[in-house]
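Everything below concerns the one structure shown next.
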Amino acid sequence: MLLLASSFSGSSLSAYSSPNKGDYEAHRKWLSLTASLPAARWYTHELEYWGCDYPPLCLFLHRALSLLVPFVAPKDTDLLDLNVRGYEGKVENLRALHIAAEYSLALPSLLLLLSSEPRAARYPLAAFVLAAPLLPLVDHGHFQISNGVPLSLTFLALHFLSSSPDPPPRAMSLSAVLFTCSLLTKQMSLYFAPVFFCYMLSWSLRPPAPSLKLSRFLHLALPVLATALLSFLPFPPPQWPHILSRIFPFQRGLFESKVSSLWCALDTYPLDVRRRLPADELQKLSLLATVAAVLPACGAAYRLASNPSPKVPRLAPLLRCLHQSALSFYLFSFHVHEKTILFPLLPLLLLAPHDLPHVALFTAAALLSCWFLFVLDGLETEMFAGLIMWVGACCLAAGDGAFHKAPRKRGGPLYELLRVPVPALAVAAMLALVAASKVLGAPERLPDLYPVLVSVAGFVAFAAAWLKATADVLQDARGAGGGGDKKSKGT
Amino acid sequence: RPPPPPLLPALLPALLLPLSLQLLLLSFPYRSTDFDVHRNWLALTRHLPAKRWYLDETDEDNTLDYPPSFAFAEALLSNGLLPLFPAAESCSALVSTAVGARIATPACVLFQRGSVVLSASLLYFPACLLSLRLLRAPSSFLLPLTSSFGLLLLDHVHFQYNAPLLSLLLLSASLLSPPSPPPRSRALLAAFLYALLLTLKHLYLVLAPLYFLHLLSSLCLPLPRRLPDLLLLSAVTLAALVPPFVPFRSCLPELLGRLFPFERGLTHAYWAPNVWALYTFLDRALLKLSRFLPLPTRGTAGGGTSGLISASGLAVVPDVSGGACALLILLFLSFPLAAIWGPRGRRPRAFLLAAPACAMTCFMLGYHVHEKAAMTHVLLLALLAAAEPTRRHCGAWLRASAVGHLGLMPLVPPGIVYTPVKYALFLAHLLLCLHVSETAVRGPVLSRRDLLVALLLLLPVFLFAEVLHPLLLGGREGAEFLPLMAVSVTLGGLNLAVWAELHLVPDWIGIVPDLGRGTAFATVFAMCAFQIFAKATATALLAVTDSAWLWYYVIGDYGLYFAYLVARRDFVFFTPMPTAASYAVAPLFRVICKVITDFTATPQMRLPLMIGGSYYAFCLASSQVSVFAAVYAYTRYATPP
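Okay, here's the thing in structure tokens:
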């Protein structure tokens, strides 16, 4: 309750008071586009000026929002005018619309996901998740509604997946549909897809009779296909390959600006991978690395689903798998943005009661890794305020009983090193670098010095977190599998 | 002496969370004309000699009307801090109102807003911390104090410097109210701080009677023996009060005229939610009715909520002068003041118990009160709740702060940005206060009635004022002030309830435990009604059946009563009279007491000096039984007419 209060106000406020437009124009254009043109022209209209590169459901969302505009801002005609360029007017109307849309979806889904927790833990945890400053900053400061909505949909899907050890087929279909919707809202939900896929596959192959297996499989496959078809139906079929190529732009390069991924770290001065290897080879390499990195999470999810014992906890291991999978994508895959760190971050936030210091540090590192992106947006003050608020929220959480759930088992010395000291050092380094960039300014010959160094430090923090997450996931897999073995021996 | 509760774990969030909110509000688009007022004061103190500060009228709307110490603080800002920020230099241009409104550059806004944040961080946060330390209060109350919604809205959105001023008040009040009686040095320091506060903002004069009486009775009485203390106290107070006025001795009349502008009218433009808002509303309602009813009206009715500071005439009800307000205030102040006079004033928390009631009395009855003045009693109640976290204190604090803070809402106009932000912050702070109180009390603090008031009264009124009215009646002529009026009148009524709660805090109402004011009132009312009905019916029936029987019954009843009195040797009433005379009048008083008890069940008769608890109970029981006896006698023996 306490935290909910502070965080909600803080996030809404940070959203409101941030001055910059960021991706604002893109969203405004899509709003006017979906409002004034038929669906068949959405993906073909003026591709050079903020052409659509999001999946169909996101555009349908914009269409729905455009229907609300006359009620929210009856006088703001520019908002829905397709011919307006570089809209200089008020950004508040669209922002209010986005905030309302996002929170009306995010709050219920978060509370539903946490409904298995006791009451005293539910609200503090929900508040803690909302207090993390990165999501409101990206979604409403930088202006991308497209993160909160798919993440909420993923959480909803996760709720139906994890609510019981042996969910009924109907719940699994619902979960599959919700996750497909999440994918169709933003392609980045793909980061979670391996975990969902493996868990569902394992569920449909579970021991009972073979005929049941097929029906279970169909329960998953048919709704997914139907959802995907339905969302693509408004567009003429010849356009479909074009739409897909717009959604997955492989020609755009290995990474964008200075992201804390492996490839960006390897592209620094002595290594320079981008110069030494051709692009298509890098593409293959990154694909291989990603697949390899995701395997532990897939295995853990698979074994978790194959174990129907009600004693095995579901939510926490699944969240760990999602975190590991998304972090693998962030570190190893092709064409990653800084903002994408949100996808590994959100599942981890829900794990705060298990390991508060690590979560706090990871969040701080995620925020700092986006620092220079937000500097471009003029959001420095808001970032700083968000960081302060995060520290305050973590202190409050540290004093709250709900965040000290189970006594944590100590791991080996290496594990402990990766858990807190390494991320702490990386965060300290990032803070120092940000402060230095502010005080000293970049040297003339190396204008990108600080962003590059920050992204490398971020990579150190995230790589440590990835190693730790992988260890966690492997341990989960062993635990879940062990339970299953005993069960099978007993029967 | 118990060790002070630990503060460090609560310190970091209490410092960082409000600071982050304040930083986020730095770029908030709305600010009131008070921003220009303070900007002009920066200019005045930058460019003019002190003698001219209260005479200059270059910026005709934003003249200096705070006491001298505040002007010196502005001088410190404009001469000490401003030169460090060359980009914000345009702040201090001495120009007319119209020009001044246009020269506020982003750098200038940032400088002034930054100075508010700085003063809050450097003065208000430490003051809250120190106050709680002095009171030995739980550290969990630090966060609600530092992140006060009212101060956030007033200082960081509306633009004023309330937090640094209130920090002096908090410190002074908590110096006077530690768990054990304060040593003399602390009381003197408290007096000094309060006097200093008066030279910063004269609004806090409302607490002067309380400070005067409390310091006098706790420090300086009995007088002949403690004359040195009195002299010391006067010296300390004068040392804070007089020096700031010295540079202005040549323009003292103008200065006082600026400080106390008496031509301003009973209510402020926005109708602060107090008694006069209700009074003015009554006037407006009667004026509407005067079309149908023969009511004498005066022709001066103006727009009471026209948004301009002007004398607003009352049309029907009698006008209220400043003097009448002062008299009323003194009358109602006498209740809390009586509670601190004499030996009761030496109880440990006496000052803190009386201070909110005093502040709120002045808020409710003051002449031309601003809604912002509510912050004084809200913060004092917060201190009281922190010092003694009982259900009553926390409940009073929560109710007063909810109503007081909602009263600040009209300061920020409705809008798609402003409305969500202010209500999110308000709800967040209220929930925080509720959580902290419930943790400290270890149980519920608010009752179902509070929830009902919030849902059925406040929610519709504010929904109308903030959402429906701008949407539906936005441009309608004559309806502009409807939301302001609705808000003021509703909150005025609720403030009245809070005020009464501060004044009368009994454990029992009559013979009913304090289950809540409404329940207790209804129960006592029902009891008295039953008693009157029963006694009157029984007497009447007996008289109709046979008047002789009535006489037998009355004589028997009173005979028994006097026998009982004699038996417990309590025949003489307590009137201070010569023995013979008191024996002579005793039967009269005794009979009066019994008649009153029999026919009304007035609970005060239970007092030992009246008829006593056991006989009171007997009276109640016998009256109820006598109804049945009388009915039986009537049906059995009465002759039909």
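Chains as they are written, first to last, in this note's numbering: chain A, 1383 to 1873; chain B, 9 to 649. We put the beta carbon where it would ideally sit given N, CA and C, even for glycine.
Closer than 7 Å at the beta carbon, the chain D residues around residue i
| i | result |
| --- | --- |
| Pro21 (chain B) | In summary, chain D is missing from the structure at hand, where the protein chains are A and B. |
Assigned secondary structure, residue i (DSSP; H/G/I helix, E/B strand, else coil)
| i | result |
| --- | --- |
| Val1741 (chain A) | helix |
| Val420 (chain B) | coil |
| Val325 (chain B) | coil |
| Ala319 (chain B) | Unreliable positioning characterises Ala319 (chain B) in this predicted model, as indicated by a pLDDT of 43, which lies under 50. The coordinate reading is nonetheless provided below. If DSSP states are grouped into helix, strand and coil, Ala319 (chain B) belongs with coil. |
| Thr447 (chain B) | helix |
| Val3 (chain B) | Missing from the structure shown is residue 3 (chain B); chain B here goes from 9 to 649 and no further. |
| Asp515 (chain B) | In this predicted model, Asp515 (chain B) has a pLDDT of only 45, less than 50, meaning its place in the structure is not dependable enough to derive any value. |
| Val532 (chain B) | helix |
| Val1718 (chain A) | strand |
| Ala382 (chain B) | helix |
| Thr275 (chain B) | strand |
Buried versus exposed, by CB contacts within 10 Å (16 or more), residue i
| i | result |
| --- | --- |
| Phe268 (chain B) | exposed |
| Glu396 (chain B) | buried |
| Gln30 (chain B) | buried |
| Tyr1832 (chain A) | buried |
| Asp327 (chain B) | exposed |
| Tyr623 (chain B) | buried |
| Thr647 (chain B) | exposed |
| Glu1484 (chain A) | buried |
| Leu1560 (chain A) | buried |
| Gly331 (chain B) | exposed |
| Gly660 (chain B) | Nothing can be reported for residue 660 (chain B), as the shown portion of chain B is limited to 9 through 649. |
| Ala609 (chain B) | buried |
| Arg407 (chain B) | buried |
| Pro1726 (chain A) | buried |
| His1720 (chain A) | The sequence given here has Glu at residue 1720 (chain A), not His. Per the 10 Å Cβ criterion, buried. |
| Phe636 (chain B) | exposed |
| Val1641 (chain A) | buried |
| Ile1481 (chain A) | buried |
| Glu82 (chain B) | buried |
| Pro586 (chain B) | exposed |
| Pro230 (chain B) | exposed |
| Trp559 (chain B) | exposed |
| Tyr1436 (chain A) | buried |
| Ala247 (chain B) | exposed |
| Ser1491 (chain A) | buried |
Beta carbon of residue i nearer than 9 Å to that of residue j
| i | j | result |
| --- | --- | --- |
| Thr113 (chain B) | Asn70 (chain B) | no |
| Phe78 (chain B) | Tyr169 (chain B) | yes |
| Tyr1581 (chain A) | Tyr1712 (chain A) | no |
| Met1771 (chain A) | Pro1515 (chain A) | yes |
| Val254 (chain B) | Phe200 (chain B) | no |
| Ser182 (chain B) | Leu197 (chain B) | no |
Three-pair Cβ contact test at 8 Å for the stretch 38–56 of chain B versus the stretch 108–122 of chain B: These segments touch.
contact_flag[the stretch 1555–1575 of chain A, the stretch 1595–1605 of chain A] where n(CB pairs < 8 Å) is 3 or more: Between the stretch 1555–1575 of chain A and the stretch 1595–1605 of chain A, the count of C-beta pairs closer than 8 Å reaches three or more; the two stretches touch.
Segment contact flag, the stretch 377–389 of chain B with the stretch 152–162 of chain B, C-beta cutoff 8 Å, min 3 pairs: Verdict: yes, contact present.
Under 8 Å (Cβ pairs) to chain A, residues found in the stretch 425–436 of chain B: Those residues of the stretch 425–436 of chain B that come within reach of chain A (Cβ to Cβ, closer than 8 Å) are Val425, Pro428, Val429, Ala432, Leu433, Leu435, Ala436.
Positions along the stretch 20–40 of chain B whose CB lies within less than 7 Å of some CB in chain A: Along the stretch 20–40 of chain B, the positions whose C-beta sits under 7 Å from a C-beta of chain A are Leu20, Pro21, Leu24, Leu25, Leu27, Ser28, Leu29, Leu31, Leu32, Leu33, Leu34, Ser35, Phe36, read in chain order.
The stretch 1743–1751 of chain A in contact with the stretch 1539–1551 of chain A per 3-pair CB rule at 8 Å: Contact between the stretch 1743–1751 of chain A and the stretch 1539–1551 of chain A is absent, with fewer than three C-beta pairs closer than 8 Å.
contact_flag[the stretch 1509–1523 of chain A, the stretch 1758–1768 of chain A] where n(CB pairs < 8 Å) is 3 or more: The stretch 1509–1523 of chain A vs the stretch 1758–1768 of chain A: in contact.
Residues of the stretch 1737–1763 of chain A whose Cβ lies closer than 8 Å to any Cβ of chain B, in chain order: Within the stretch 1737–1763 of chain A, the residues whose Cβ lies closer than 8 Å to any Cβ of chain B are, in chain order, Thr1763.
The stretch 551–560 of chain B contacting the stretch 604–619 of chain B, beta-carbon criterion three pairs below 8 Å: With a cut-off of 8 Å on Cβ pairs, the stretch 551–560 of chain B is not in contact with the stretch 604–619 of chain B, counting fewer than three such pairs.
Segment contact, 8 Å Cβ cut-off, at least three pairs: the stretch 147–154 of chain B with the stretch 92–103 of chain B: They do not touch, by the three-pair rule.
Against chain B: residues of the stretch 1593–1621 of chain A by CB proximity under 7 Å: For the stretch 1593–1621 of chain A, the set of residues with a beta-carbon nearer than 7 Å to any beta-carbon of chain B is empty.
Interface positions of the stretch 1527–1559 of chain A facing chain B (Cβ-Cβ less than 9 Å), listed along the chain: Going along the stretch 1527–1559 of chain A in chain order, one finds no residue with a Cβ nearer than 9 Å to chain B.
Near-chain B residues of the stretch 1432–1462 of chain A - C-beta to any C-beta below 8 Å: Flagged, chain order: Val1454, Ala1455.
Cβ contact check for the stretch 1616–1624 of chain A and the stretch 1703–1711 of chain A: 3 or more pairs under 8 Å: With contact defined as three or more Cβ pairs closer than 8 Å, the stretch 1616–1624 of chain A and the stretch 1703–1711 of chain A are not in contact.
Three CB pairs or more closer than 8 Å across the stretch 448–456 of chain B and the stretch 490–500 of chain B: No, they do not touch.
Three or more C-beta pairs below 8 Å linking the stretch 121–133 of chain B and the stretch 170–178 of chain B: Segments in contact, yes.
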